[in-house]
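Protein chains in written order, with the numbering used here: chain A, 983 to 1201; chain B, 983 to 1201.
Number of protein chains: 2
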Amino acid sequence: MKKYIPTLKRTKLFSGLVDDEIISMLSCLGARLCSYKKGEYVLRQGEHLRDITVLVSGNLHIQKDDYWGNRSILGQISVGEMFGEAYVAPESEALINDVIATEDSAIILFDVRRIITTCPSACRFHSLVVQNMFFAISEKSRKLVQKLEHMSKRSTREKLISYLSEEAKKQNSSVFTIPFNRQQLADYLSVDRSAMSNELCKMRDEGMLEFAKNNFKLF
Amino acid sequence: MKKYIPTLKRTKLFSGLVDDEIISMLSCLGARLCSYKKGEYVLRQGEHLRDITVLVSGNLHIQKDDYWGNRSILGQISVGEMFGEAYVAPESEALINDVIATEDSAIILFDVRRIITTCPSACRFHSLVVQNMFFAISEKSRKLVQKLEHMSKRSTREKLISYLSEEAKKQNSSVFTIPFNRQQLADYLSVDRSAMSNELCKMRDEGMLEFAKNNFKLF
DNA sequence: ACAATTCGGTTGTATTTACAACAGAAAGTG
DNA sequence: CACTTTCTGTTGTAAATACAACCGAATTGT
């Protein structure tokens, strides 16, 4: 697990801690490492969670297949991101999504009760981790709200504008790369791929933007 | 502020605390009470928050007016619910929504830094409140995800089915009341009111459900 | 290098939605 | 009780979307 210390140091959860502090937190929190091959399920709908998880290698998608087999990609998890924190409360319902590895991936699991309960050995950095966790989950809430904003747009074009504007703002440039291919982006915005492709090309023809594969430029 | 103790006792944030403990927490956390008339803004887009807020009387809507004046109701806050917690982190961006009183309302504000930092006087219930806050924000995340699920449905009908099914499940009955009128429900699901009304009536004619005003019955 | 597969763009058609406009019912007001 | 305002359902039309089907380009695997 030690080889992931540099990765962990850059996560929100362990922000502000130095190597030695993280090492002691790992044992204090009873961390466990798990690996998955590309395409494997990391979590399945219906599971009950007790662990907060950090992706330390690879890439994951949060997705859901409905009754009729339509797949929605609800989000994407990059290295260093935390997930599962919304489902670890004692009275939480079961997980309602699947989490799938889109590349070979590794995660580290932490029992939430060890995080949230001050440890008997009075580990010094515990309260900092609790604060970090709070701020991290806050930030995720904000992201959910932002995605809701894209989704609440009525037309495909408006959804695209909303998404691309935000991505440009996030990457601080009118030239940027998105983490989705066309089908994934369509799933993320819950629109039809071909209709979206069509709309993107119209927008390009109108001089609003340019793109090549996942690289975009807004005007 | 004391008259709201029974209300606070039933909130997620103060769950598990008795009256005296809540009273001491109120001063420990430096709580403040604010009142608003129906229609007044409680929070405005662009504000930076330091306070976590609990609604102790009335009703609020979280909403957003876009560029072209289209209003989306992103959510609704009932008595006892907490809000603002996603925007209080030190590096959080500004609030991106408005919060408006739909009835005369009262809120109690808590400086988040006092909650999250163990108080010097070692107030006994502090860590319980921190845990409660964590579980509350977790639950809100789950709700956001559920709303995202409704929104990710492609058609008005599917959105309605998704929303109404969940509402029935939530209220544990095929007969239930929704907290929105037609226009508000349409805004919540981001669809056109008349199209939605139309679809509801078609579904009624097909024998899927019955309704009168805000009361629904599913078959 | 070749075959197989994935990916992105295009088109036509059937379906669905948005929008505007209106009318009756319900609720609020003086 | 009139009057006004808000709410809900209805309709027709224009616009947008979903869907299926296809093709060429790019990518992958052997």
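No residue lacks a Cβ here, since even glycine has one placed at the ideal position from N, Cα and C.
Closer than 8 Å by beta-carbon distance: list the chain A residues that pair up with V1127 of chain B, in chain order. L1056, A1068, I1078, N1079 and L1126
Name the chain B residues that come within less than 7 Å of Q1113 of chain A, Cβ to Cβ? I1098
Excluding five sequence neighbours on each side, which residues of the same chain lie with their C-beta closer than 6 Å to the C-beta of I1267 of chain A? With chain A running from 983 to 1201 in the structure shown, residue 1267 of chain A is simply not present.
Quick check on DSSP: helix, strand or coil for F996 of chain B? Note: F996 of chain B maps to coil in three-state DSSP.
Which value, in whole angstroms, describes the spacing of the CA atoms of L1110 of chain A and F1116 of chain A? Rounded to the nearest angstrom, the two C-alpha atoms are 10 Å apart.
Straight-line Cα distance separating E1003 of chain A from R1124 of chain B: 31 Å
Comparing alpha-carbon positions, which option in A:G1062, A:K984 and A:L1031 lies nearest R992 of chain A? A:G1062
If you draw a straight line from the alpha carbon of E1085 of chain A to that of I1119 of chain B, how long is it in whole angstroms? Distance between the alpha carbons of E1085 of chain A and I1119 of chain B: 30 Å.
For K1122 of chain B, does the count of other Cβ atoms within 10 angstroms reach 16, so buried, or fall short, so exposed? buried
Just to confirm, are L1008 of chain B and M983 of chain B a CB contact at a threshold of 8 Å? yes
Beta-bridge pairing of C1183 of chain A - partner residues as DSSP gives them: Beta bridge pairing from DSSP links C1183 of chain A with no other residue.
The alpha helix (DSSP H) that contains K1152 of chain A, what's its start and end? In the DSSP annotation of this structure, the continuous segment of the alpha helix (DSSP H) that includes K1152 of chain A starts and ends at T1138 to K1152.
Determine the burial state of C1010 of chain B: buried for a count of at least 16 other Cβ atoms within 10 Å of its Cβ, exposed for fewer. buried
Reference Q1058 of chain A; option with closest CA among A:Q1166, A:S997 and A:M1178: Closest in C-alpha terms to Q1058 of chain A, from the list A:Q1166, A:S997 and A:M1178, comes A:Q1166.
Can you pull the chain B neighbours of K1122 of chain A, defined as C-beta to C-beta under 7 Å? By Cβ distance, chain B contributes S1123.
Taking only beta-carbon atoms, is A1071 of chain A less than 8 Å away from chain B? yes
Just to confirm before moving on: does the CB-CB distance between S1172 of chain A and M1133 of chain A stay below 8 Å? yes
Would you kindly work out how many angstroms separate the C-alpha atoms of D1187 of chain A and S1137 of chain A, rounded to a whole number? 18 Å
Relative to the C-alpha of S1006 of chain B, which candidate in B:K1135, B:F1107 and B:K1184 has its C-alpha closest? B:F1107
Where D1198 of chain B meets chain A, residues with beta-carbon distance less than 9 Å: The sequence shown places Phe at residue 1198 of chain B, rather than the Asp named in the question. Residues of chain A passing the Cβ test: none, with the nearest at roughly 20 Å.
Quick check on S1060 of chain A: does DSSP put it in helix, strand or coil? coil
Starting from the C-beta of V1202 of chain A, find all residues in its chain whose C-beta is less than 6 Å away, skip the five residues before and the five after it, and write them out in chain order. Past the boundaries of the shown model lies residue 1202 of chain A; chain A is included only from 983 to 1201, so the question cannot be answered.
Going along chain B, which residues have a C-beta under 9 Å from L995 of chain A? Ordered by position in chain B, no residue passes the 9 Å Cβ test against L995 of chain A, which lies about 13 Å from the chain.
Since I believe N1163 of chain B is in contact with N1196 of chain B (beta carbons under 8 Å), could you give me their beta-carbon distance rounded to a whole number of angstroms? Cβ-Cβ separation between N1196 of chain B and N1163 of chain B: approximately 7 Å, consistent with a contact (criterion under 8 Å).
Residues in its own chain within less than 8 Å of N1041 of chain A by CB, not counting five upstream and five downstream? Taken in chain order, the residues that qualify are Q1058, I1059, S1060, V1061, A1083, T1084, E1085 and S1087.
Using a beta-carbon distance below 8 Å, is I987 of chain A in contact with chain B? no
Expected contact under 8 Å - CB spacing of I1160 of chain A and E1148 of chain A to nearest Å: Their Cβ separation, rounded to whole angstroms, is 11 Å, which puts I1160 of chain A and E1148 of chain A out of contact at 8 Å.
Any idea if D1169 of chain A is buried or exposed, counting beta-carbon neighbours within 10 angstroms, 16 or more meaning buried? A buried status is given to D1169 of chain A, since no fewer than 16 other beta-carbon atoms sit within 10 Å of its beta-carbon.
E1075 of chain B and R1139 of chain B: beta carbons closer than 8 Å? no
Quick check: is the beta carbon of I1119 of chain B nearer than 8 Å to any beta carbon in chain A? yes
Can you give me the Cβ contacts of K1141 of chain A inside the same chain, cut-off strictly under 6 Å, excluding the 5 residues immediately before and after it? H1132, K1135 and L1171
Under 8 Å (Cβ pairs) to chain A, residues found in the region 1137-1168 of chain B: none
Whole-angstrom distance between E1192 of chain A and F1073 of chain A, CA atom to CA atom: Here the sequence assigns Glu to residue 1073 of chain A, which means Phe is not the residue at that position. Distance between the alpha carbons of E1073 of chain A and E1192 of chain A: 48 Å.
Along chain A, in chain order, which residues have C-beta atoms closer than 7 Å to that of F1116 of chain B? I1098 and F1116
Less than 8 Å between CB atoms is the rule here; does L1037 of chain A satisfy it with respect to chain B? no
Quick check on the DSSP output: the beta strand (DSSP E) that includes I1090 of chain B runs from which residue to which? S1087 to D1093
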